[in-house]
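So the protein lines, in turn, are chains A and B. For the first sequence, numbering that gives the first Met the number 0 gives the first residue as 0, with consecutive numbering after it. For the second sequence, numbering that gives the first Met the number 0 gives the first residue as 0, with consecutive numbering after it. Each remark here refers to the structure printed beneath this line.
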Amino acid sequence: MDMEASVGVTSTAATEASSVLDIRNLKVSFRTDEGIVTAVDGVSFQARKGRTLGLVGESGSGKSVSTRAVTKLLPKNAIIDPGSAIRLDTGNGSLTDVAPLPANSREIRNIRGGAVAMIFQEPMASFSPVYTIGNQIAEAVRLHRRAALSPLGATETVGDQIAESLRAQNAKLTKQEAWEIAIEMLHKVGISNANLRVDQYPHELSGGMRQRAMIATALSTHPKLLIADEPTTALDVTIQAQILELMGQLQADLGMSIIFITHDMGVIAQVAHDVAVMYLGVIVERGPTRALIEDPKHPYTEGLLQAIPRMDVLSRRLTPVPGDIPSPLERPAGCPFQTRCPKRIPGRCDRETPQEIGLGGGRFVSCFLHE
Amino acid sequence: MLRFALHRLFGMAVTMFCVSIMVFTIMELPPGDYADRYAFRKFSGTGVNITESDIQNIRVQFGLDRPAPERYFDWVWRIVTDFDFGQSFAFETSVNDVVGERLWLTLAILYATLILTYLLAIPIAIYAAVRRHSAVDYGLTVVSYLGLALPNFLLALILLYISVSTFGSSVGGLFSPELEKAPWSWEKFVDLLQHLIVPAIVLAWSATALQLQTVRATMLDELNKLSVTAARARGLPEWKVLLKYPARLAVNPVVSTVGFDVNRIFSELPIVALVLSLPELGELLIQSYLDLDMYVAGAILMMLTFFIVVMNFVSDVALAYLDPRIKLEGG
């Protein structure tokens, strides 16, 4: 009995620990001149240690907003609904709700670049043109990395050890040490001549190299979670493949969790372990990547998959999802996708909002077709 | 960087050469010459009859009979080798003596104005951009339009009235009467600074209004850049983000237009100087035109353009230092 109980505790603890980020019922709206606009309407998802979650959806579906809410990098007119929970592993292994923390608080600043690092779509614009690459990497390093402990042998008494560990906790790295780490990180992301590149300005690097440097910046602080907001969209296909491979490698090395935001189902199939498909501020379907791609349950997911070109079926014409995503100002009544849905049930989909249904195997869908 | 500076320095020399030709042409333009004026002033009303040959003699005496190119090269050569700007006919002494102290006082007014402009415009504009749509921001817009619309001689009169009636300082000038002829001392320097405040405010008024809008607009642009979000995402405290990233770039347009500001200050200076009775070069320039005292006019024009060209050089080099993207193109 005791044994069983303890095993039970350990296993819950294990699943708890494997979640780095657990978002429940996240709602984000914006105060605008036209009134309150809801960009994210009750979204729940988890990011697990060592795994990649793909967030897919068209522009304006709320992918970026829901992830930026984690680090509170939202415009000033954004409101996170008090009912939302953003439980994040801030470094001590347990999850704390960061939703109520104000954006300018010290806690949030420690999370930014510390527990949660971000990379963005445009590698050129994500670096400031007037500082060297090294300067901008070292900045992140000095903000979040602390001096390592001296080897135990170096300290003689327990008092010394305590003093030493206090020093280590508070001591910022010197500029020189941070610079060394910057070079090491550039080397790690596969930039040759890292010790020369570190002194260069962003405009002296190619697009792929800049994105590598951006990844180096993000990972220089050993984050638990990396949010990659369309990191390969602005790159050409061969560079894109290299960057994706690099991210996979680094994930295996460092064991961090990745949230990969994209509108490209093809990329998702390559990198993500789990997928969440977003449409107009809600997750319409989520589950393990392979199962979801092989057997999509939601009509929107089906539509997205039919819009990818495939090498093995060259004769088939690509079918786009008809129509445009509605403006968040004019959210349709009922299911958000009903205005474009080929399988719409008249009288039902335009009246009631579908709830998320568990299909087993970690799969969830919000659609009346699967009740 | 050194090559870039040398490149610009060479460009500066070429500019100064072209300017010197233009200035000399301007000096030659007015109808009649100094010999006519001299003869008229010296002998009118004395009953002496002046013949053409008398005037010719005066020309020879002043060296005005030689062909223009010869006089030009002579003039330029003496400026370059001896820093000698020739003779002032009206004052019957060397131009250097006439210009003398006025040059330094003009520079004092110029730098006081520039420093005041940038000290006000840059921080206020950055603050207004960060607190967009706040009371400060709207207030700034109103003040800016006032600054652009209000003629500065009017402002000069108002400030003069206030400074005399409220603070009891002496009217106009750059020194208190009792210190005017005194040798330089700490006391005189402080007195100069106090007298510089009003002309600096008057002259800085419109330049500040313009630069406020420039810096605010650039700052607003820069604030929306992804690199700023990326810096925030690294966990940098907000004030450091603002100073290190957008503010640093918002200063660039100011640095690149220092030359324009110098130009504007010089062209506004004579009117303001007249109202505030400041002993500076602009007023002397107008007087020398009226007297056809062309070497004084030429010297002043050369000096003013020289400062504009120098400030342009300084702003180019400073900008190249501030923005690493420029060096590649500058060569």
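C-beta atoms are modelled at their ideal positions from N, C-alpha and C, and glycine is treated no differently.
Using a 10 angstroms sphere on the CB of P335(A), the tally of other CB atoms reaches 16 or more, which defines it as buried. Among the residues of chain A, none has a CB under 7 Å from the CB of E186(B); the nearest is roughly 44 Å distant.
Close partners of N91(A) in chain B (Cβ separation under 8 Å) are lacking, with about 17 Å as the shortest Cβ gap. At a C-beta separation below 8 Å, K180(B) has no neighbours in chain A, since its nearest C-beta there lies roughly 51 Å away. Non-local beta-carbon contacts of A127(B) in its own chain, meaning distances under 6 Å to residues more than five positions away in sequence, involve V135, D136, L139 and R215 in chain order.
Restricted to the segment 0–43 of chain B, the alpha helix (DSSP H) segments that are unbroken, complete and at least 4 residues in length are 1–27 and 33–42, listed in chain order.
Within the segment 135–147 of chain A, contact with chain B at the beta-carbon level (separation under 7 Å) is assigned to E138, A139, L142 and H143. Around R350(A), the same chain offers G333 as residues with beta carbons nearer than 6 Å, after the five sequence neighbours per side are excluded. In the DSSP assignment, Y278(A) forms a beta bridge with V281(A). Under the three-state reduction of DSSP output, I121(B) falls in the helix class. DSSP places V320(A) in the coil class of the three-state scheme, outside both helix and strand. Boundaries of the beta strand (DSSP E) harbouring S256(A): S256 to T261, taken from the DSSP string.
Against S205(A), chain B offers no close residue; the least beta-carbon distance is about 15 Å (beta-carbon pairs closer than 7 Å). Taking CB atoms only, P230(A) has no neighbour in chain B less than 8 Å away. Residues of chain A whose Cβ lies closer than 7 Å to the Cβ of P323(B) are, in chain order, V129 and Y200. The Cβ atoms of G286(A) and F363(A) sit closer than 8 Å to each other. In this structure, DSSP gives M218(B) a helical state, which the three-state scheme calls helix.
Neighbours of T228(B) in chain A, taken as residues at a C-beta separation under 7 Å, are given in chain order as L72.
Under the three-state reduction of DSSP, Q354(A) is assigned to coil, being neither helix nor strand. With a 10 Å radius around the Cβ and a threshold of 16 neighbouring Cβ atoms, T237(A) comes out exposed. Within the model, the alpha-carbon separation for L113(B) versus G258(B) is close to 11 Å. Inter-residue distance for I132(A) and L219(B) is about 24 Å (C-alpha atoms, whole angstroms).
Contact between the segment 126–146 of chain A and the segment 105–114 of chain A is present, with at least three C-beta pairs closer than 8 Å. For Y288(B), there are no C-beta contacts with chain A under 7 Å, since the nearest C-beta of that chain is about 46 Å from it.
Its chain contains I54, I57, R58, F61 and L63 as the residues whose beta carbon lies nearer than 7 Å to that of A34(B), once the 5 sequence neighbours on both sides are disregarded; these appear in chain order. For S43(A), the closest of K26(A), V55(A), G49(A) and T31(A) by C-alpha to C-alpha distance is K26(A). In the three-state scheme derived from DSSP, where H, G and I count as helix and E and B as strand, R309(A) is classed as coil. In the DSSP assignment, A229(B) falls within the alpha helix (DSSP H) that extends over L225 to A232.
For A272(B), the CB contacts under 6 Å within the same chain, skipping 5 residues up- and downstream, are E279, G281 and E282 in chain order. Listed along the chain, the chain B residues whose CB falls inside 7 Å of the CB of S125(A) are L225, S226 and A229. Note that the segment 240–253 of chain B does not touch the segment 69–80 of chain B; fewer than 3 beta-carbon pairs, one per stretch, sit closer than 8 Å. For P278(B), there are no C-beta contacts with chain A under 8 Å, since the nearest C-beta of that chain is about 43 Å from it. Of L248(B), L303(B) and S287(B), the smallest CA-CA separation from L318(B) is found for L248(B). Spanning the alpha carbons of S287(B) and V295(B) requires a straight line of approximately 6 Å.
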